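Undergrad: The listed protein sequences correspond, in order, to chains A and B. Counting in the working numbering, the first sequence runs from 15 upward without gaps. Counting in the working numbering, the second sequence runs from 448 upward without gaps. All C-beta atoms, glycine included, are put in the ideal place defined by N, C-alpha and C. It should be emphasised that the depicted structure is a prediction, and the values quoted were computed from it without experimental measurement.
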Amino acid sequence: MRLALDIALAGLVFALLLDFVRILLGPTAHDRVVALDNMSSVVVGLVGVYAMRREQAVLLDVLIVIGLLGFISTVAFARYLERGAQQ
Amino acid sequence: MSVVRDVLAAILLLTGVFFSVVAAVGIVRLPDVYLRMHASSKSTTIGLAGILLAVFLYFGTYEVATKVLLVIFFTFLTAPVGAHMIARSAYVCAVGWYAQTTRYDLERATIVCATRGGPASERVHERAIELARERNGELVFLHVIDTRDLGDLEPARAAAVMRQMRTLAQSILRAAQAQARAAGVRARGELREGEVSRTLQAFVQEVDADVLVVGYPHTAPGNEHEAEGRLWRLLGGLQEQGNVRVVVAR
Numbered sequence: 015m016r017l018a019l020d021i022a023l024a025g026l027v028f029a030l031l032l033d034f035v036r037i038l039l040g041p042t043a044h045d046r047v048v049a050l051d052n053m054s055s056v057v058v059g060l061v062g063v064y065a066m067r068r069e070q071a072v073l074l075d076v077l078i079v080i081g082l083l084g085f086i087s088t089v090a091f092a093r094y095l096e097r098g099a100q101q
Numbered sequence: 448m449s450v451v452r453d454v455l456a457a458i459l460l461l462t463g464v465f466f467s468v469v470a471a472v473g474i475v476r477l478p479d480v481y482l483r484m485h486a487s488s489k490s491t492t493i494g495l496a497g498i499l500l501a502v503f504l505y506f507g508t509y510e511v512a513t514k515v516l517l518v519i520f521f522t523f524l525t526a527p528v529g530a531h532m533i534a535r536s537a538y539v540c541a542v543g544w545y546a547q548t549t550r551y552d553l554e555r556a557t558i559v560c561a562t563r564g565g566p567a568s569e570r571v572h573e574r575a576i577e578l579a580r581e582r583n584g585e586l587v588f589l590h591v592i593d594t595r596d597l598g599d600l601e602p603a604r605a606a607a608v609m610r611q612m613r614t615l616a617q618s619i620l621r622a623a624q625a626q627a628r629a630a631g632v633r634a635r636g637e638l639r640e641g642e643v644s645r646t647l648q649a650f651v652q653e654v655d656a657d658v659l660v661v662g663y664p665h666t667a668p669g670n671e672h673e674a675e676g677r678l679w680r681l682l683g684g685l686q687e688q689g690n691v692r693v694v695v696a697r
């Protein structure tokens, strides 16, 4: 289990790095928002794995907060970009 | 028991991580926003569900189960909504898509290209050919001979002018078809006579066209207002008829 947790952590960090590459490359703001949205999902998974590794079930409360925050920020970005286009 | 649970949790965990990594690879590798979104929203949802179910198995208490199932439920609810919002926003902001993306709305679209002939029309043809290829559509080049000015001439003279104009129109249509053929698109040509915008509208209805491609009106400098007025009248008339999309190529 310990090994699986280590592999999972490494894999999720790799996913985060790939998302980060997309945020750097762009080319449009929408690409970056998609990458950020995916990043927040990966971070939710990361916190879940971390909670297992530290044997701390309390950390799972963070999951709910990050998940909802990620969704709200995505929607806010989408609305913001759309408003900009209409003006 | 505990071993079985651990092994199950590890399998779920690694499956979830695998899907998350695939999503991230998709985000980097796929060519446009819409495809990246497709990678991100779907595989991440299933990846997250795998990881969280592993968390649930690992701790195995009711408290954890409630939180984890809540998060899974929220993800399944919010990921599609978020992806939809970004897609909509990208479409409104005119973010382009991958050149090889094809639209195929279950049927062949009929694309009518109104042509005047001459070098200025070539760009209009190009746009129409491009659209026909994009939609896998049927392309029709239409040339309308304007008969309004012929009423003032004496009948024999008018007939002679008409004959010449028909010959000219045929060669214009052949040139347009040749241009389409060179681009690998089959097209047919149609010739009509009458007042231009009314004839266009009638033709659009006759072939049940989905897209009409017209050039920006040909005009002498300083006369743009009049030309624009003609264009708007034509567009207004077509709008009333309903289901045709008009593309004005410059």
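1) Does chain B have any CB closer than 8 Å to the CB of Asp51 of chain A?
2) Closer than 8 Å, Cβ to Cβ, to anything on chain B: give me those residues from the segment 45-75 of chain A, in chain order.
3) Please compile the residues from chain B whose C-beta is within a distance smaller than 9 Å of the C-beta of Asp20 of chain A.
4) Looking only at its chain, what residues have a beta carbon closer than 7 Å to the beta carbon of His44 of chain A, apart from the 5 residues adjacent to it on each side?
5) Apart from the five residues just before and just after Gly636 of chain B, which ones in its own chain have a Cβ nearer than 6 Å to its Cβ?
6) What separation, rounded to the nearest whole angstrom, lies between the Cα atoms of Leu504 of chain B and Ile458 of chain B?
7) Against chain B, with Cβ distances strictly below 8 Å, would Leu38 of chain A count as a contact?
8) In chain A, which residues lie less than 7 Å from Tyr505 of chain B when you measure between Cβ atoms?
9) Could you compute how far the alpha carbon of Asp33 of chain A sits from the alpha carbon of Val515 of chain B?
10) Out of B:Asp599, B:Ala496, B:Gly584 and B:Ser449, which one is the CA nearest neighbour of Val632 of chain B?
11) Residues of chain A with a CB under 9 Å from the CB of Met532 of chain B: which are they?
12) Any C-beta of chain A sitting closer than 8 Å to the C-beta of Leu517 of chain B?
13) I want to verify the contact list: residues of chain B whose CB lies under 8 Å from the CB of Val35 of chain A, in sequence order.
14) From Trp679 of chain B to Leu600 of chain B, what distance separates their C-alpha atoms?
15) Can you round the beta-carbon distance between Val661 of chain B and Phe28 of chain A to whole angstroms, since I take them to be within the 8 Å contact cut?
16) What are the start and end residues of the alpha helix (DSSP H) that includes Thr525 of chain B?
17) Where do the N-terminal and C-terminal ends of the alpha helix (DSSP H) with Arg452 of chain B fall, by residue?
18) Relative to the C-alpha of Glu69 of chain A, which candidate in B:Leu499, B:Ala501, B:Phe506 and B:Leu500 has its C-alpha closest?
19) Considering only residues of the same chain and omitting the five flanking positions on each side of Ala537 of chain B, which have a CB-CB separation below 6 Å?
20) Would you mind working out which of B:Val695, B:Thr562 and B:Arg604 sits nearest Arg639 of chain B, comparing C-alpha positions?
21) Which two residues bound the contiguous beta strand (DSSP E) that contains Arg639 of chain B?
22) For Val475 of chain B and Arg36 of chain A, which I take to be in contact (beta-carbon distance under 8 Å), what is that distance rounded to the nearest angstrom?
23) Less than 8 Å between CB atoms is the rule here; does Asp657 of chain B satisfy it with respect to chain A?
24) Taking 8 Å as the limit between beta carbons, can you name the residues of its chain near Val759 of chain B, skipping five residues before and five after?
25) Which one of B:Gly463, B:Gly564 and B:Arg483 has the shortest CA to CA distance from Ala499 of chain B?
26) Assuming contact is defined by CB atoms lying nearer than 8 Å, are Ala496 of chain B and Ala486 of chain B in contact in what I supplied?
27) Just how far apart, CA to CA, sit Ala18 of chain A and Ala512 of chain B?
28) Give me the Cβ distance between Val76 of chain A and Gly529 of chain B, rounded to the nearest whole Å; I'm assuming they're in contact under 8 Å.
29) In three-state DSSP terms, what is Glu585 of chain B?
30) If you drop the 5 nearest sequence neighbours on each side, which residues of the same chain put their C-beta closer than 8 Å to that of Gly543 of chain B?
31) Can you name the residues that DSSP bridges to Asp45 of chain A?
32) Beta-carbon of Lys514 of chain B versus every beta-carbon of chain A: anything under 8 Å?
TA: In short, the structure shows the following:
1) Position 37 of the first sequence, counting from 1, holds the residue named residue 51 of chain A. Interface residue, yes.
2) Asp45, Val47, Val48, Ala49, Asp51, Asn52, Ser55, Val56, Val58, Gly59, Gly62, Val63, Ala65, Met66, Ala71, Leu74 and Asp75
3) In the first sequence, counting from the first residue as 1, residue 20 of chain A sits at position 6. Here the premise fails: no neighbours, minimum Cβ distance about 11 Å.
4) As a first step, residue 44 of chain A must be located in the first sequence, where it is residue number 30. Hits under 7 Å: Leu95.
5) The count along the second sequence starts at 1 and reaches residue 636 of chain B at position 189. So the qualifying residues of the chain are Phe588, Leu620 and Gln624.
6) Here residue 504 of chain B is taken as the residue at index 57 of the second sequence, counted from 1. Here residue 458 of chain B is taken as the residue at index 11 of the second sequence, counted from 1. Leu504 of chain B and Ile458 of chain B: Cα-Cα distance of roughly 11 Å.
7) Stepping through the first sequence from its first residue, residue 38 of chain A is reached at position 24. Output row for Leu38 of chain A: interface = no.
8) Looking up residue 505 of chain B in the second sequence gives position 58. Ordered by position in chain A, the residues that pass the 7 Å Cβ test against Tyr505 of chain B are Met66.
9) Locating residue 33 of chain A in the first sequence gives position 19, counting from the first residue. Locating residue 515 of chain B in the second sequence gives position 68, counting from the first residue. Using only the alpha carbons, I get a separation of about 24 Å.
10) Numbered from its first residue, the second sequence carries residue 632 of chain B at position 185. Checked all of B:Asp599, B:Ala496, B:Gly584 and B:Ser449; the closest Cα to Val632 of chain B is B:Gly584.
11) Here the question's residue 532 of chain B lines up with position 85 in the second sequence. The contacting residues are Thr88, Val89, Phe91, Ala92, Arg93 and Glu96.
12) Residue numbering aside, residue 517 of chain B sits at position 70 when the second sequence is read from its first letter. Interface residue, yes.
13) Here the question's residue 35 of chain A lines up with position 21 in the first sequence. Residues of chain B passing the Cβ test: Val475.
14) Taking the second sequence and counting its residues from 1, the one referred to as residue 679 of chain B is at position 232. Taking the second sequence and counting its residues from 1, the one referred to as residue 600 of chain B is at position 153. So the two alpha carbons sit approximately 30 Å from each other.
15) Residue mapping note: residue 661 of chain B aligns to position 214 of the second sequence, counting from 1. Residue mapping note: residue 28 of chain A aligns to position 14 of the first sequence, counting from 1. About 52 Å separates the two Cβ atoms, so there is no contact after all.
16) Translated into positions along the second sequence, residue 525 of chain B becomes position 78. Here the alpha helix (DSSP H) through Thr525 of chain B covers Tyr509 to Val539.
17) Indexing the second sequence from 1 puts residue 452 of chain B at position 5. Residues Ser449 to Arg476.
18) Counted from its first residue, the first sequence places residue 69 of chain A at position 55. Comparing Cα positions, the closest option is B:Phe506.
19) For the purposes of this step, residue 537 of chain B is identified with residue 90 of the second sequence, where counting begins at 1. Closer than 6 Å at Cβ, skipping near neighbours: Val480.
20) Within the second sequence, the letter at position 192 stands for residue 639 of chain B. Closest option to Arg639 of chain B, Cα to Cα, is B:Thr562.
21) Residue mapping note: residue 639 of chain B aligns to position 192 of the second sequence, counting from 1. First-last of the beta strand (DSSP E) with Arg639 of chain B: Ala634 to Gly641.
22) Looking up residue 475 of chain B in the second sequence gives position 28. Looking up residue 36 of chain A in the first sequence gives position 22. Right, the Cβ-Cβ distance comes to about 5 Å (below 8 Å), so this counts as a contact.
23) Looking up residue 657 of chain B in the second sequence gives position 210. No, Asp657 of chain B does not count as interfacial toward chain A.
24) Residue coverage of chain B in this structure runs from 448 to 697, which leaves residue 759 of chain B outside it and unanswerable.
25) Your numbering for residue 499 of chain B matches position 52 in the second sequence. Note that residue 499 of chain B is Leu in the sequence shown here, rather than Ala. Ranking the options by Cα distance to Leu499 of chain B, first place goes to B:Gly463.
26) Here residue 496 of chain B refers to the residue found at position 49 of the second sequence. Here residue 486 of chain B refers to the residue found at position 39 of the second sequence. Going by C-beta atoms, Ala496 of chain B is not nearer than 8 Å to Ala486 of chain B.
27) Your numbering for residue 18 of chain A matches position 4 in the first sequence. Your numbering for residue 512 of chain B matches position 65 in the second sequence. Those two C-alpha atoms are separated by around 21 Å.
28) Working through the first sequence from its first residue, we reach residue 76 of chain A at position 62. Working through the second sequence from its first residue, we reach residue 529 of chain B at position 82. Wrong, their Cβ atoms sit about 20 Å apart, outside the cutoff.
29) Position 138 of the second sequence, counted from the start, is the residue given in the question as residue 585 of chain B. Three-state DSSP puts Glu585 of chain B in a strand.
30) In the second sequence, counting from the first residue as 1, residue 543 of chain B sits at position 96. For Gly543 of chain B, where only same-chain residues beyond five positions count, the Cβ hits under 8 Å are Asp479.
31) Residue numbering aside, residue 45 of chain A sits at position 31 when the first sequence is read from its first letter. Asp45 of chain A pairs with nothing; no bridge assigned.
32) Position 67 of the second sequence holds residue 514 of chain B. Cβ-Cβ to chain A under 8 Å: yes for Lys514 of chain B.
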